[in-house]
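In our numbering, the protein residues as written are 16 to 570. Cβ coordinates follow ideal geometry from the N, Cα and C atoms, glycine included. In this text the structure is predicted, and so the values were computed from the model without any measurement.
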Amino acid sequence: MSTAVKPPASEIGQINWAPIPGWGALVEETEHVPELTWPSSITTYDRVRRDSQVAGLMRGMTMPIRRRRWLVDPNGARDQVVQDLATDLGLDIRGQEAKPRRRRARRFSHDGHLAESLKALVYGHAYFEQVGEIVDGRWRLRKLAPRPQRTISHLKVARDGGLEAITQRFGFDAPEIPVSRLVAYVWDQEPGSWTGNSMLRELHRPWLLKDRVLRVGAINIERAGGVPYGIAPPGATPAQTASIEEAARNFRVGEQAGGVLPHGAELKFAMAAGGDGAVQFVRLQNEEMSRALLMMFMQLGQTETGSRALGGDFIDWFSDVQALLAEWYAGVTNEHVVEDWVDWNYGEGEQAPLLVSETAEDPELSVADLVALIDAQVLDIDAELKEWIRQRQGLPRASATVIPLQRAAAKAARTARAATSDAPAIPLPDRPLRRQPKAFEVRAAVDFAGMETRFEGGRSTLVSDWQAIRATQIDELVAQIADLDPENLLELSRIAATPAGADVLTAAQVDVIERAAAAAVAEAAAQGTTIATPDLEPSRQTAARRGEATAELLA
């Protein structure tokens, strides 16, 4: 007979210790501040999040998460399952071309749901009820209806710590929603606790101190910057003393303010030492709140110490925090929305897709990185890469006929050149090169030295023309300074040069634009294809606006 210990198949201990089943959520033995115990905490955190500093911190925390590109990842699921889920969530499918957005009336809004679910970071929890309808034999998601924190009166928790239901508070009507229909976003959850922990918990003390200082400071300003008190004259009667006290209590600064005191009486003000102490204290509390949310970079430039050089490191680190938050949200949604949706429509044995997100990168940075990789010949420019770049940068799709034909003709011309002659030596600028010429550029005999000469000549002409404009502006400033009152140095801040030279800057830019267009047409012709000169008028208008703006800045 085997003496091996049988594997456990049931629980002996429990998490919810409350004597009455389901009441465990009403007891918070770890919270010692009464106003932060649930459900009182809902009202408290609602006040905290209205603070301007806290509101800015929370927007900085959540908005980049909403800006991420949210997608449905097939994850090995059948195409029909993936397509139906993406349709219900209103999201694109990873790896497929983005489709036009449908009309949103009576349809699920993922961004709206994401915004509501992130309130779990404020209150510790956010609950939603799944609502749908049967269409053509399938359950289609219509909305995840929020069940606001202030309406929840009871959380029914099993002895093993699992959630069973929530009850809402609406007068005599107290609907109970079972967990099978709920989606629960609970932040920093402790075993058996379905109220979670608010991200604002550590902000409560600095917020409370700051709020008190601001209130006292406002009263001080209203009462002329101090606490008024009266000094009664010698021999004052009780009635006179009472009138002086009343005058001090009622003193306010205003257009019609005033009063009369008995002979010999005085009205003085008691003020705290250090006039800027309140400002410094409020700044300290703001720093404490930023530190509690790992958002120290929000205070850069506002503190007396520290370096902006740390900003990049702080932001990179905080980006990891936001990625973690996005993964937390996606994990809950996949478990309680996506998997339920698949189970109800296709059965529990069906493979489920996943909700995932991608970082919305800085377009300029991504383009620069791509150019560097292509220049270093790490990436080959093929049709798939071109289409990906067009999608990421919001560029129009390539023509289905004209552009491929032009590319084919150019490629054929380059191939013919390479077959009939050796790669010719090409003229290069007399300076260190930023990159080596590509093989096809060598075969096409691109005149890099000529381009360099034209660029240097244009720049020299522009600099020479601008020196004359600059000399005129300096003379103008000298004349203004000479006319100033030497006793009033503040007038120096009012002198300014008259903006000039916008036409010179615009002409230089337009010249480059027109030369570049002509060179592109000529280069295409040299490679065996013909292209039309593009419409340059929009570029000329842009050059004019930039010329005016640059002239203003230089002035």
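Measure the C-alpha to C-alpha separation of I528 and S475 and round it to an integer number of angstroms.
Whole-angstrom Cα-Cα distance: 17 Å.
Please classify K453 as buried or exposed, where buried requires at least 16 neighbouring CB atoms within 10 angstroms.
exposed
Measure the Cβ-Cβ separation of V352 and L86 and say whether it is below 8 Å.
no
Quick check on DSSP: helix, strand or coil for A40?
Residue placement at A40 is poorly supported in this model, since its pLDDT is 46, which falls under 50; the coordinates are not used for a value here.
Which residues mark the beginning and the end of the beta strand (DSSP E) in which P79 is found?
It is not in any beta strand (DSSP E) - P79 instead sits in the alpha helix (DSSP H) that spans S67 to R82.
With a threshold of 16 other CB atoms inside 10 Å of the CB of T548, please say whether the residue is buried or exposed.
exposed
Suppose the cutoff is 7 Å on Cβ atoms and the five residues either side in sequence are ignored; what does the same chain contact list for D480 look like?
V519
When the Cα atoms are used, what is the spatial distance from L136 to E144?
19 Å
Is D66 buried or exposed, if buried means 16 or more other CB atoms sit within 10 Å of its CB?
By the 10 Å Cβ count, D66 comes out buried.
Where A464 and I546 are concerned, what is the direct C-alpha to C-alpha distance, given to the nearest angstrom?
Answer to the nearest angstrom: the Cα atoms are 24 Å apart.
Closest to H278 by CA distance: which of R264, N265, S258 and Q295 is it?
S258
When the distance is taken between beta carbons, is L129 closer than 8 Å to W356?
No; because the gap between Cβ atoms is not below 8 Å, this pair is not in contact.
Less than 6 Å between C-beta atoms, sequence neighbours within five positions excluded: which residues of the same chain meet that for Q366?
G91 and A92
Would you decide whether S573 is buried or exposed? Buried here means 16 or more other CB atoms lie within 10 Å of its CB.
Nothing can be reported for residue 573: it is not among the residues displayed for the chain, which extend from 16 to 570.
Is it right to say K283 is buried, meaning 16 or more other beta carbons lie within 10 angstroms of its own, or is it exposed?
exposed
Beta strand (DSSP E) containing F143: first to last residue?
Element bounds for F143: H140 to V150.
Could you check if L568 is buried or exposed, using at least 16 other CB atoms within 10 Å of its CB as the buried criterion?
exposed
Leaving out the 5 sequence neighbours to the left and right, which residues in its chain are closer than 8 Å to V371 when beta-carbon positions are compared?
Counting only residues of its own chain and dropping the five nearest sequence neighbours on each side, V371 has a CB closer than 8 Å to the CB of W85, L86, V87, D88, R109 and A345.
Assign D498 to buried or exposed, taking buried as 16 or more other Cβ atoms, counted over all protein chains shown, within 10 Å of its Cβ.
exposed
Tell me the rounded alpha-carbon separation between S168 and I181.
8 Å
Do G562 and A511 have their C-beta atoms within less than 8 Å of each other?
no
Which residue from T348, G207 and R157 puts its Cα closest to that of K171?
Comparing Cα positions, the closest option is G207.
At what residues does the alpha helix (DSSP H) containing H125 begin and finish?
H125 to S132
Rank D103, K114, A338 and R216 by C-alpha distance to the C-alpha of V150 and give the top, closest one.
D103
Tell me, please, which residues DSSP counts as bridged to K283.
Y244
Please name the residue, chosen from I30, R82 and V97, that lies closest to Y361 on a Cα-to-Cα basis.
V97
Just the Cα atoms here: how many angstroms apart are Q488 and A460?
45 Å
Given this structure, state the Cα-to-Cα distance separating G28 from A173, to the nearest angstrom.
12 Å
For A427, which of helix, strand or coil comes out of DSSP?
Bear in mind that the predicted position of A427 carries a pLDDT of just 49, short of 50, making it unreliable; the figure below should be weighed with that in mind. Residue state, collapsed to three classes: helix.
In whole angstroms, what separates the C-alpha of G211 from that of Y138?
Going by the C-alpha atoms only, they are around 8 Å apart.
On the CB-based measure, 16 or more other CB atoms within 10 Å of its CB, does A440 come out buried or exposed?
exposed
Can you look up R109 in the DSSP assignment and give me helix, strand or coil?
For R109, the secondary structure class from DSSP, reduced to helix, strand or coil, is coil.
Run through DSSP, which three-state label would I181 get?
strand
Buried or exposed, going by whether 16 or more other CB atoms sit within 10 Å of the CB of L339?
exposed
Are the Cβ atoms of R165 and I57 separated by less than 8 Å?
Yes, they are a contact pair.
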